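One structure is given here, and the rest of the page talks about it.
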Ligand code: NAP
Ligand code: G4F
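Numbering (the numbering used here), first residue to last: 76 to 416.
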């Protein structure tokens, strides 16, 4: 019997890597896409037309659409990756974020409960759940939650409703609590991709400087390609459970900037503090990085550092790509794009 996966958020960073991974394991992969006025399928363009790859229009806010799709497709595994996933933007669109990222998860679980209750369900939970308790780092499955944004609060609801459906209805419903994972396919408004794209443009003479928000924030950054394998492993267990996937390393935004510029041979020298902090080319003295308050958030998550011991022990999962190789991969990809543009 062929495994059949239904993936929400298939046009996103993780959805595209997961689709490739599942196709390589001979799954039939069904993805839900939204209608856009301009195409949104750039990350999965190379998969369109492949055998075993199918796309369906839908939306996490449309429960009858979700029920129809689950009834028609009869998936063996459902990966819920769809979300309004930008933490900063969730402060601008808090209600919408709650509808999609929070209640959307309930709608999908209900569609499964009523139409394919033996399907295994993966929920894309997040280290943003840990949010505001930096003293608890490194954070594991046992660390208390304290979300600091409308996004984090919506994901908290999604986490608990997933656990609740597992306990109430005996669904195989599992949470992957994933720390930040990045790639050349990362959205351009997340800090890592914003930095690597800017470095490539500055190096190519097409941009003067890079403006950022909080340089002191620390994140546990891994490679998205490694993490989608972890998602799959979570659903291959006999019993549904919740797992942290992380690298166990943390770096500041400032360090990410330094390593990214170092990839193109530029050393950054910092001067000033807070909003006055600036990064200069140590050799030429040219201003390359400054801080703009408009990128600050009303509330910030200062430190994320994951403890992936449970995933390592039970799933046999470990990140393969280290921090420097991740930055290098992203810089090389953005340099290639600049060269071809
Ligand atoms: P992403 O690149 O922002 O992709 C989000 C996906 O959700 C896109 O395919 C988007 O479709 C879709 N989507 C948004 N609203 C939707 C709606 N109303 N109905 C249906 N689809 C909708 O996110 P990602 O980085 O791949 O992350 C995947 C999931 O993991 C998200 O749930 C995110 O919150 C979570 N997560 C991510 C990380 C990380 O570091 N990347 C860490 C922990 C958890 P369009 O293309 O149509 O906009
Ligand atoms: O790249 P970010 O926007 O990612 P953030 O907020 O950590 O959220 C990402 O990871 C979560 C997992 O922990 C996911 F659940 C979520 O869906 C998303 O994928 O920001 C990282 C840090 C923040 O502290 C932010 O304040 O970088 C800081 N930052 C500094 N300057 C900036 C900027 N972030 C952005 N996006 N843009 C800036 O200019």
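Quick reminder that beta carbons are idealized off the backbone N, C-alpha and C, glycines included. Owing to the predicted nature of the structure, the values given are computational and were not obtained by experimental measurement.
Item to check | Residues near residue 142 by beta carbon distance below 8 Å, same chain, minus five either side | outcome: The residue given as residue 142 occupies position 67 in the chain shown. So the qualifying residues of the chain are 185, 186, 189, 190.
Next on the checklist: Just to check my reading of the structure: residue 180 and residue 79 have Cβ atoms closer than 8 Å, yes? What is that Cβ distance to the nearest angstrom?
Outcome noted: As a working note, residue 180 is residue 105 in the chain shown. As a working note, residue 79 is residue 4 in the chain shown. The pair is not a contact, with the Cβ atoms about 20 Å apart (cut-off 8 Å).
Next on the checklist: Quick check on residue 370: buried or exposed, where buried means 16 or more other Cβ atoms within 10 Å of its Cβ?
Outcome noted: For the purposes of this step, residue 370 is taken as the residue at position 295 of the chain shown. So residue 370 ends up on the exposed side.
Next on the checklist: In the DSSP output, what is residue 266 paired with across the bridge?
Outcome noted: As a first step, residue 266 must be located in the chain shown, where it is residue number 191. Paired residue(s): none; residue 266 is not in a bridge.
Item to check | Heavy atom of ligand 3 within 7 Å of residue 203 beta-carbon | outcome: As far as ligands go, the structure on display features ligand 1 and ligand 2 and does not contain ligand 3.
Checklist entry - When burial is assigned at 16 or more other CB atoms within 10 Å of the CB, is residue 94 buried or exposed? => result To locate residue 94, count along the chain shown from 1; it is residue 19. By the neighbour-count rule (16 or more Cβ atoms within 10 Å), residue 94 is buried.
Checklist entry - Cβ atoms of residue 299 and residue 326: under 8 Å apart, would you say? => result By 1-based counting over the chain shown, the position of residue 326 is 251. By 1-based counting over the chain shown, the position of residue 299 is 224. No, Cβ-Cβ distance for residue 326 and residue 299 is not below 8 Å.
Item to check | Boundaries (first-last residue) of the beta strand (DSSP E) holding residue 365 | outcome: As a first step, residue 365 is located in the chain shown; it is residue number 290 there, counting from the start. Start and end: 362 to 366.
Checklist entry - Any idea if residue 110 is buried or exposed, counting beta-carbon neighbours within 10 angstroms, 16 or more meaning buried? => result As a working note, residue 110 is residue 35 in the chain shown. Its Cβ having fewer than 16 others within 10 Å, residue 110 is exposed.
Item to check | Chain-order list of residues whose beta-carbon lies under 7 Å from that of residue 229 (same chain, five-residue window excluded) | outcome: If you number the chain shown from 1, residue 229 lands on position 154. Hits under 7 Å: 172, 173, 176, 177.
Checklist entry - With 8 Å set as the bound, which would you pick, yes or no: does the beta-carbon of residue 146 sit closer than that to a beta-carbon of chain C? => result Checking the listed chains, one finds no chain C in this structure; it contains a single protein chain.
Item to check | Alpha carbon of residue 411 to alpha carbon of residue 261, nearest angstrom | outcome: Against the chain shown, residue 411 aligns to sequence position 336. Against the chain shown, residue 261 aligns to sequence position 186. Using only the alpha carbons, I get a separation of about 16 Å.
Checklist entry - If we ignore side chains and look at the alpha-carbon of each, how far apart do residue 205 and residue 226 end up? => result Start at 1 with the first residue of the chain shown, and residue 205 comes out as number 130. Start at 1 with the first residue of the chain shown, and residue 226 comes out as number 151. Cα to Cα, the separation comes out at about 12 Å.
Next on the checklist: Going by DSSP in three states, residue 164 sits in which element: helix, strand or coil?
Outcome noted: Here residue 164 corresponds to residue number 89 of the chain shown, with the count starting at 1. Here residue 164 sits in helix by DSSP.
Next on the checklist: Considering only the alpha carbon of each residue, which of 87, 278, 166 lies closest to residue 406?
Outcome noted: Indexing the chain shown from 1 puts residue 406 at position 331. Comparing Cα-Cα distances from residue 406 to each of 87, 278, 166, the minimum goes to 278.
Item to check | Unbroken stretches of the beta strand (DSSP E), 3 residues or longer, contained in the region 306 to 381 | outcome: 318 to 320, 343 to 346, 353 to 356, 362 to 366
Checklist entry - Going by C-alpha distance, which of 112, 108, 96, 408 is nearest residue 273? => result The residue labelled residue 273 in the question sits at position 198 within the chain shown. Measuring from the Cα of residue 273, the nearest candidate turns out to be 408.
Item to check | At least three beta-carbon pairs within less than 8 Å, the region 373 to 382 to the region 230 to 237 | outcome: no
Checklist entry - Would you call the region 155 to 162 and the region 111 to 130 in contact, with 3 or more CB pairs under 8 Å? => result no
Checklist entry - Are the Cβ atoms of residue 202 and residue 252 separated by less than 8 Å? => result One-based indexing of the chain shown puts residue 202 at position 127. One-based indexing of the chain shown puts residue 252 at position 177. Yes, the Cβ-Cβ distance between residue 202 and residue 252 is below 8 Å.
Checklist entry - Which whole-angstrom value is the C-beta distance of residue 290 and residue 328, which I expect to be below 8 Å? => result Residue 290 sits at position 215 when you count from the first residue of the chain shown. Residue 328 sits at position 253 when you count from the first residue of the chain shown. At roughly 5 Å, the Cβ-Cβ gap stays under 8 Å, so residue 290 and residue 328 are in contact.
Next on the checklist: Given a cut-off of 8 Å on the beta-carbon distance, is the pair residue 295 and residue 395 in contact?
Outcome noted: On the chain shown, residue 295 is found 220 positions in, with the first residue counted as 1. On the chain shown, residue 395 is found 320 positions in, with the first residue counted as 1. Result no, Cβ atoms of residue 295 and residue 395 do not sit closer than 8 Å.
Checklist entry - Are the beta-carbon atoms belonging to residue 231 and residue 222 less than 8 Å from one another? => result Looking up residue 231 in the chain shown gives position 156. Looking up residue 222 in the chain shown gives position 147. Yes, the pair counts as a contact, with Cβ atoms nearer than the cut-off.
Item to check | Same chain, Cβ closer than 7 Å to residue 393, neighbours up to 5 away in sequence not counted | outcome: Translated into the one-based positions of the chain shown, residue 393 becomes position 318. Excluding residues within five positions, the ones whose Cβ falls inside 7 Å are 387.
Checklist entry - Where do the N-terminal and C-terminal ends of the beta strand (DSSP E) with residue 195 fall, by residue? => result Taking the first residue of the chain shown as 1, we reach residue 195 at position 120. 195 to 201 is the extent of the beta strand (DSSP E) around residue 195.
Next on the checklist: Using DSSP's beta-bridge definition, name the partner residues of residue 131.
Outcome noted: The sequence position of residue 131 within the chain shown is 56, counting from 1. Answer by DSSP bridge pairing, in chain order: 107.
Checklist entry - Cβ of residue 145 within 8 Å of Cβ of residue 97? => result If you number the chain shown from 1, residue 145 lands on position 70. If you number the chain shown from 1, residue 97 lands on position 22. Against a cut-off of 8 Å, the Cβ pair of residue 97 and residue 145 comes out as no contact.
Checklist entry - Under 8 Å between the Cβ atoms of residue 315 and residue 383? => result Position 240 of the chain shown, counted from the start, is the residue given in the question as residue 315. Position 308 of the chain shown, counted from the start, is the residue given in the question as residue 383. No; because the gap between Cβ atoms is not below 8 Å, this pair is not in contact.
Checklist entry - Taking the alpha-carbon positions, what's the residue 242 to residue 346 distance? => result In the chain shown, residue 242 corresponds to position 167, counting from 1. In the chain shown, residue 346 corresponds to position 271, counting from 1. Going from the Cα of residue 242 to the Cα of residue 346 covers about 54 Å.
Checklist entry - Between residue 362 and residue 265, what straight-line distance do the alpha-carbon atoms span, to the nearest angstrom? => result For the purposes of this step, residue 362 is taken as residue 287 along the chain shown, with counting starting at 1. For the purposes of this step, residue 265 is taken as residue 190 along the chain shown, with counting starting at 1. For residue 362 and residue 265, the distance between alpha carbons rounds to 22 Å.
Next on the checklist: Relative to the C-alpha of residue 372, which candidate in 76, 121, 135, 162 has its C-alpha closest?
Outcome noted: For this step, residue 372 is matched to residue 297 along the chain shown. Cα-wise, what sits closest to residue 372 is 162.
Next on the checklist: Helix, strand or coil, according to DSSP, for residue 154 in the structure here?
Outcome noted: As a first step, residue 154 is located in the chain shown; it is residue number 79 there, counting from the start. Here residue 154 sits in strand by DSSP.
Checklist entry - Just checking my contact of residue 248 with residue 240 at CB under 8 Å: how many whole Å lie between their CB atoms? => result One-based indexing of the chain shown puts residue 248 at position 173. One-based indexing of the chain shown puts residue 240 at position 165. Indeed, because the Cβ distance is near 5 Å, the residues count as touching under 8 Å.
Item to check | Buried or exposed by the 16-neighbour rule on C-beta atoms within 10 Å, applied to residue 100 | outcome: As a working note, residue 100 is residue 25 in the chain shown. Exposed, by the Cβ-count rule.
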